[in-house]
Amino acid sequence: MKKGFTLLELMIVISILAVFISISIAYFLTAVAKTPALSSAQSTNRQVNLELLFENDGVKVYRFSDYGHRIYYTDARGKTSWDDTRRSGKTTVTEHHDVDTIR
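Residue numbering for the sequence shown follows the working numbering, starting at 31 and increasing by one per position.
Below is the structure:
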């Protein structure tokens, strides 16, 4: 009986593991891809990707990213509203904002 693996056997096992790990990483990266929006809306700032998520009963729901934070807001027939939630230690403060938009 032989003890241990030969160099060739070790290289084959390592190669199979490397392929398995590569496939697993590729699958993970595609599985956690960002949920696509229905369409992209126009923005005056080209660095901001403004996404129209959906529209229901004349209310449009948008999303954009600000320094890694996803911001959601609605536009309902000339009125826009959003909630701003901030955490500081154990305290969470949410402010609601309503704005009449110019059309």
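Note that the Cβ used here is the ideal one computed from N, Cα and C, for glycine as well.
Asked                                                                                                           : Found
Ala48 versus Thr36: straight-line alpha-carbon distance, rounded                                                : 18 Å
Val78 (DSSP reduced to helix, strand or coil)                                                                   : coil
Run of the beta strand (DSSP E) containing Asp87, from where it starts to where it stops                        : Run containing Asp87: none; DSSP gives neither H nor E here.
Own chain partners of Arg117 with C-beta closer than 7 Å, once the 5 adjacent residues on each side are dropped : none
Own chain, CB closer than 6 Å to Glu85, minus 5 neighbours either side, in chain order                          : none
Pair within 8 Å by beta-carbon distance, Asp105 and Lys90                                                       : yes
Cutoff 8 Å; reference Gly34; Cβ partners in own chain excluding five residues on either side                    : none
Neighbourhood of His2 by C-beta, 6 Å cutoff - its chain only, sequence neighbours within 5 removed              : In the structure as shown, the chain starts at 31 and stops at 133, and residue 2 therefore has no counterpart that could be examined.
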